[in-house]
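Asks: I'd like to ask some things about the structure below.
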Amino acid sequence: MAKLNGVKTLDMVNGEITKVSYGGAEYVKAEGLPKMGDLVLADKGGYDITYGAFYKITEDADHADDVRFLDDVDDERFRDDDDYVLFCKVSASTDPSLEERVSSAEGEIESLKSDVAKLKGEAGYVRIDADEANVGDYVKFDDPPDYLTDEEYYEIVRFDSYRDPWITDDDGDEYDASNRDFVFYRKVSAVTAEAEPKPERLKVGDYAKVVREEFGHLFDTDDIIELIEAGNNPNFEARRLLDGEVWYVAASEVVRATDEEVAEAKDAAARAKFKRGAKVRLLSGGGPYPLRGFENGKIYEVGYNNFDHPEGKRIRIVGDAERFGYATPDQLEILSEEEVAEIERQQVEEAKWAKIGRKVGEYKKGDIARVVDNQCAGRVANGDIIEVLKQASGGSIVDTVHGYFLKVELITPVEARFDR
609 MAKLNGVKTL
619 DMVNGEITKV
629 SYGGAEYVKA
639 EGLPKMGDLV
649 LADKGGYDIT
659 YGAFYKITED
669 ADHADDVRFL
679 DDVDDERFRD
689 DDDYVLFCKV
699 SASTDPSLEE
709 RVSSAEGEIE
719 SLKSDVAKLK
729 GEAGYVRIDA
739 DEANVGDYVK
749 FDDPPDYLTD
759 EEYYEIVRFD
769 SYRDPWITDD
779 DGDEYDASNR
789 DFVFYRKVSA
799 VTAEAEPKPE
809 RLKVGDYAKV
819 VREEFGHLFD
829 TDDIIELIEA
839 GNNPNFEARR
849 LLDGEVWYVA
859 ASEVVRATDE
869 EVAEAKDAAA
879 RAKFKRGAKV
889 RLLSGGGPYP
899 LRGFENGKIY
909 EVGYNNFDHP
919 EGKRIRIVGD
929 AERFGYATPD
939 QLEILSEEEV
949 AEIERQQVEE
959 AKWAKIGRKV
969 GEYKKGDIAR
979 VVDNQCAGRV
989 ANGDIIEVLK
999 QASGGSIVDT
1009 VHGYFLKVEL
1019 ITPVEARFDR
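Here it is as structure tokens:
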């Protein structure tokens, strides 16, 4: 139940409507809280709300700012008492008058026209959101001036820098449509119009795209958000996928996000975690393009997390000699500060041993070493200087004097001993 057609004015006082009829019932201007089935007259226009149109209340109101009805595109809306005039039902006739029957019939004319068009195979028009509209789509005006025809569809010939649509009016002149109240439409075949599914109403757990700001949220236009909790007015508590920021939004401020938009937003959020300079471990993909020369399991540094690669958005990582590779978030693991510190310590240790042509912890006969763990050997104390006889399979060394198995640290490799 969107904007009501066929509402008849029965009485007016000083130019203000005080009594109307709709669907065989009469409604009078009133004060107080609306009840389900009452009517409200829109005293202010807005997105998908037509100024001066009547709407039917969908739920009993708990307070003056809890007026609920479906707007022109069947989205639930909440308005406060400054935005509407209340009309309460006062009678319902089981035998409506001729005027009431005509009034009710007028409300069905639009749907009948649509049915006839389908039977004849004629094209129809479907309403679209402003952000969907392109050149070649149409606008229809509400209460247009003399040089425009009421209920006529006008083709959009261009958009200006403010994305306001321009059309050609009845006099053949270009006209800026933003000067009047209008809605966007797209021309479709009769088959398409008949098969057009009614969009499912947004609910908690859905993903949406921000298209406007009406109630003070600080999301940006085109942000992809997740509806995480039901609200009152606005309708939802929502979280931005990119950074997790939370604001409240109304259903009129968003549209359903496509699967592609959600996937792109989730990918951007995942890549945003990889800050410039962060150390990462390559988990997969090393070897072939676009990670040629990079090895799985090795540690690299993040150079840029939003690189436009021919295969899509990628994280650029830096290898040896300024070699670049390009990875997706699932191919990388961010290392903690502790892991980075341990890796750097290992790299320093490996570099020291590499200078003497050995692996870390590799000892040779004749090395001079200091005991760090005598492993309860009676004649050798921690800190003693010994000469290595050989290295055991478990990593311990055997000294030349006593034949004990000891844990040691290298002081002088045999190749550098001055006494030989």
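All residue numbers for the sequence shown refer to the numbering used here, where the first residue is 609 and numbers rise by one. All C-beta atoms, glycine included, are put in the ideal place defined by N, C-alpha and C.
1) Under DSSP, the alpha helix (DSSP H) around Ala741 begins and ends at which residues?
2) Where does Glu808 fall in DSSP's three states?
3) Of the choices Pro918, Val698, Asn914, Gly933, whose alpha-carbon is the least far from that of Arg896?
4) Alpha carbon to alpha carbon, how far is Pro753 from Arg924? Give it in angstroms, no decimals.
5) Taking Leu997 as the reference, give the member of Gly1011, Ala989, Val988 with the closest Cα.
6) Could you tell me how far apart the beta carbons of Ala846 and Val857 are, in whole angstroms, since I believe they sit closer than 8 Å?
7) Rounded to a whole number of angstroms, what is the C-alpha to C-alpha distance between Ala838 and Leu810?
8) Tell me, please, whether the stretch 857 to 867 touches the stretch 815 to 825 by the rule of three or more beta-carbon pairs shorter than 8 Å.
9) Return the Cβ separation of Thr994 and Val980 in integer angstroms, given the expectation that the two are a contact with Cβ distance under 8 Å.
10) What distance in whole Å lies between the Cβ atoms of Leu943 and Arg889, which are believed to be in contact at a cut-off of 8 Å?
11) With DSSP run on the structure shown, which of helix, strand or coil describes Ala1024?
12) If you run the structure through DSSP and keep just helix, strand and coil, what is Gln983?
13) For Glu760, which three-state DSSP category applies?
14) Given a cut-off of 8 Å, decide if Leu850 and Ala877 are closer than it, judged by their beta-carbon atoms.
15) Just the C-alpha distance for Tyr659 and Phe749, rounded to the nearest angstrom, thanks.
16) Cα-Cα, which of Tyr755, Asn613, Phe827, Phe790 is closest to Asp656?
17) Can you tell me the Cβ-Cβ gap for Asp680 and Lys611, rounded? I've got them flagged as a contact below 8 Å.
18) Helix, strand or coil, according to DSSP, for Ala865 in the structure here?
19) Where does Pro1021 land, buried or exposed, given buried means 16+ other C-beta within 10 angstroms?
20) For Phe695 and Asp830, what's the separation of their Cα atoms in angstroms?
21) By Cβ distance below 8 Å, which residues in the same chain neighbour Tyr761 in space, the five residues on each side in sequence not counted?
22) Does the distance from the C-beta atom of Phe1017 to that of Ala959 stay below 8 Å?
23) State buried or exposed for Ala962, treating a residue as buried only when at least 16 other CB atoms are found within 10 Å of its CB.
24) Determine the extent of the beta strand (DSSP E) in which Ile951 is found, giving its start and end residues.
25) Below 8 Å CB to CB, which residues in the same chain sit around Leu756 once its five sequence neighbours on both sides are set aside?
26) Grab the span of the beta strand (DSSP E) containing His917 for me, first residue to last.
27) By Cβ distance below 8 Å, which residues in the same chain neighbour Arg900 in space, the five residues on each side in sequence not counted?
28) By a C-beta neighbour count over all protein chains shown, 10 Å radius and 16 as the cutoff for buried, is Asp832 buried or exposed?
Replies: Let me spell this out:
1) Start at 1 with the first residue of the sequence shown, and residue 741 comes out as number 133. According to the DSSP assignment, Ala741 belongs to no alpha helix (DSSP H), since it is labelled neither H nor E.
2) Translated into the one-based positions of the sequence shown, residue 808 becomes position 200. Of the three classes helix, strand and coil, the one that applies to Glu808 here is coil, per DSSP.
3) Counting from one through the sequence shown, the residue named residue 896 turns up at place 288. Note on residue identity: the sequence assigns Pro, not Arg, to residue 896. For the residues Pro918, Val698, Asn914, Gly933, the minimum Cα distance to Pro896 belongs to Gly933.
4) Within the sequence shown, residue 924 is the residue found at index 316, counting from 1. Within the sequence shown, residue 753 is the residue found at index 145, counting from 1. Taking the straight line from one Cα to the other gives about 58 Å.
5) If you number the sequence shown from 1, residue 997 lands on position 389. Among Gly1011, Ala989, Val988, the Cα nearest to that of Leu997 is on Gly1011.
6) Along the sequence shown, read from residue 1 onward, the residue named residue 846 stands at position 238. Along the sequence shown, read from residue 1 onward, the residue named residue 857 stands at position 249. At roughly 5 Å, the Cβ-Cβ gap stays under 8 Å, so Ala846 and Val857 are in contact.
7) Looking up residue 838 in the sequence shown gives position 230. Looking up residue 810 in the sequence shown gives position 202. Rounded to the nearest angstrom, the two C-alpha atoms are 11 Å apart.
8) Segments in contact, yes.
9) Taking the sequence shown and counting its residues from 1, the one referred to as residue 994 is at position 386. Taking the sequence shown and counting its residues from 1, the one referred to as residue 980 is at position 372. For the sequence presented, residue 994 should be read as Ile rather than Thr. Between Ile994 and Val980 a beta carbon distance of about 11 Å is seen, past the 8 Å cut, so the two are scored as non-contacting.
10) If you number the sequence shown from 1, residue 889 lands on position 281. If you number the sequence shown from 1, residue 943 lands on position 335. At roughly 6 Å, the Cβ-Cβ gap stays under 8 Å, so Arg889 and Leu943 are in contact.
11) Counting from 1 along the sequence shown, the entry for residue 1024 is found at position 416. Ala1024: helix per DSSP, three-state reduction.
12) Here residue 983 is taken as the residue at index 375 of the sequence shown, counted from 1. Annotated three-state conformation of Gln983 is coil, per DSSP.
13) Mapped onto the sequence shown, residue 760 falls at position 152. In this structure, Glu760 counts as coil in the three-state DSSP scheme.
14) Translated into positions along the sequence shown, residue 877 becomes position 269. Translated into positions along the sequence shown, residue 850 becomes position 242. When the beta-carbon positions are compared, Ala877 and Leu850 come within less than 8 Å of each other.
15) Counted from its first residue, the sequence shown places residue 659 at position 51. Counted from its first residue, the sequence shown places residue 749 at position 141. In a straight line, the C-alpha of Tyr659 is about 12 Å away from that of Phe749.
16) For the purposes of this step, residue 656 is taken as the residue at position 48 of the sequence shown. Comparing Cα-Cα distances from Asp656 to each of Tyr755, Asn613, Phe827, Phe790, the minimum goes to Phe790.
17) Here residue 680 corresponds to residue number 72 of the sequence shown, with the count starting at 1. Here residue 611 corresponds to residue number 3 of the sequence shown, with the count starting at 1. That pair is a contact at about 5 Å.
18) The residue you call residue 865 lines up with position 257 of the sequence shown. DSSP, read as helix, strand or coil, puts Ala865 in coil.
19) What you label residue 1021 is simply residue 413 of the sequence shown in a count that begins at 1. Buried, because 16 or more other Cβ atoms sit within 10 Å of the Cβ of Pro1021.
20) Counting from one through the sequence shown, the residue named residue 695 turns up at place 87. Counting from one through the sequence shown, the residue named residue 830 turns up at place 222. In a straight line, the C-alpha of Phe695 is about 38 Å away from that of Asp830.
21) Taking the sequence shown and counting its residues from 1, one reaches residue 761 at position 153. The residues are Tyr733, Tyr746, Val747, Lys748, Tyr793, Lys795.
22) As a working note, residue 1017 is residue 409 in the sequence shown. As a working note, residue 959 is residue 351 in the sequence shown. Looking at the sequence itself, residue 1017 is Glu, so the reference to Phe does not match. Between Glu1017 and Ala959, the C-beta gap is not smaller than 8 Å, which leaves the two residues out of contact.
23) Indexing the sequence shown from 1 puts residue 962 at position 354. Exposed is the label assigned to Ala962, since fewer than 16 other Cβ atoms lie within 10 Å of its Cβ.
24) Looking up residue 951 in the sequence shown gives position 343. Per DSSP, Ile951 belongs to no beta strand (DSSP E); it is in the alpha helix (DSSP H), 945 to 963.
25) Here residue 756 refers to the residue found at position 148 when the sequence shown is read from its first residue. Exclusion of the five residues before and after Leu756 leaves Phe749, Tyr762, Asp777, Asp778, Tyr783, Arg788 as the residues of its chain whose Cβ lies within less than 8 Å of its Cβ.
26) Numbered from 1 along the sequence shown, position 309 holds the residue referred to as residue 917. According to the DSSP assignment, His917 belongs to the beta strand (DSSP E) that extends over 907 to 917.
27) On the sequence shown, residue 900 is found 292 positions in, with the first residue counted as 1. Gly933.
28) Locating residue 832 in the sequence shown gives position 224, where the first residue counts as 1. Checking the displayed sequence, the identity of residue 832 turns out to be Ile instead of Asp. Classified as buried, Ile832 has 16 or more neighbouring CB atoms from the shown chains inside 10 Å of its CB.
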